[in-house]
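Numbering (this note's numbering), first residue to last: 472 to 636.
Cβ coordinates follow ideal geometry from the N, Cα and C atoms, glycine included.
Note sheet for the following structure.
Written out as structure tokens, the structure reads:
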């Protein structure tokens, strides 16, 4: 069960912190809820406790796991799907899951396409979302502001920073 202060990763939303556990007056009844502040979207969401089992979430990754994931982002892509529509669907599916490793692979491929001016406009949103999900978890792991981590990731200074932790 989640408690106040827990740092979690919600599928499709990114990293967040449990801020409150309490009751909300619903139209017909009082309902227990968990309030989670999301780093990437800078918003709070309320999850009903009785529906928590249907929600996809996990504890945030360790520093060691995140170091490995950062290395994935800066590794050389192997086989990037040529068909942008198929690639878009696969990457979107990865972003809806809990596997940060898969999200980092998607981000690596999208960065490669962008650097080589081959990223279609439709995939820009997928790139932004993947970047946001990874940065939200990294900012929790590194105890840094979202904007600082995003800048370090884009400037490729994040590996040095992770090694200093």
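Distances from the CA of residue 477 to each of 485, 613, 489 were compared; the closest alpha carbon is that of 489.
Excluding residues up to 5 positions away in sequence, 485, 511, 566, 574 lie with their Cβ nearer than 7 Å to the Cβ of residue 604 in the same chain. As DSSP reads the structure, residue 493 sits in a beta bridge with 504. Here the alpha carbon of residue 538 sits roughly 9 Å from the alpha carbon of residue 609. In chain order, 559, 562, 563, 566, 577, 581 place their CB closer than 8 Å to the CB of residue 597, counting only its own chain and leaving out the 5 sequence neighbours on each side. At a Cβ-Cβ threshold of 9 Å, residue 509 and residue 493 do not count as neighbours. Just measuring C-alpha positions, the residue of 503, 495, 499 sitting nearest residue 472 is 503. Proximity of the segment 513–531 to the segment 539–555 falls short of the contact definition, fewer than three beta-carbon pairs being nearer than 8 Å.
The C-alpha of residue 518 lies about 30 Å from the C-alpha of residue 541. Residue 485 carries a strand assignment under DSSP once its states are collapsed to helix, strand and coil.
Counting only the Cα atoms, residue 522 lies some 14 Å from residue 501. Listed in chain order, the beta strand (DSSP E) elements of length 3 or more contained wholly in the segment 544–576 amount to none.
Between residue 630 and residue 545, the C-beta spacing is below 9 Å.
With contacts defined by Cβ atoms closer than 9 Å, residue 584 and residue 543 do not form a contacting pair.
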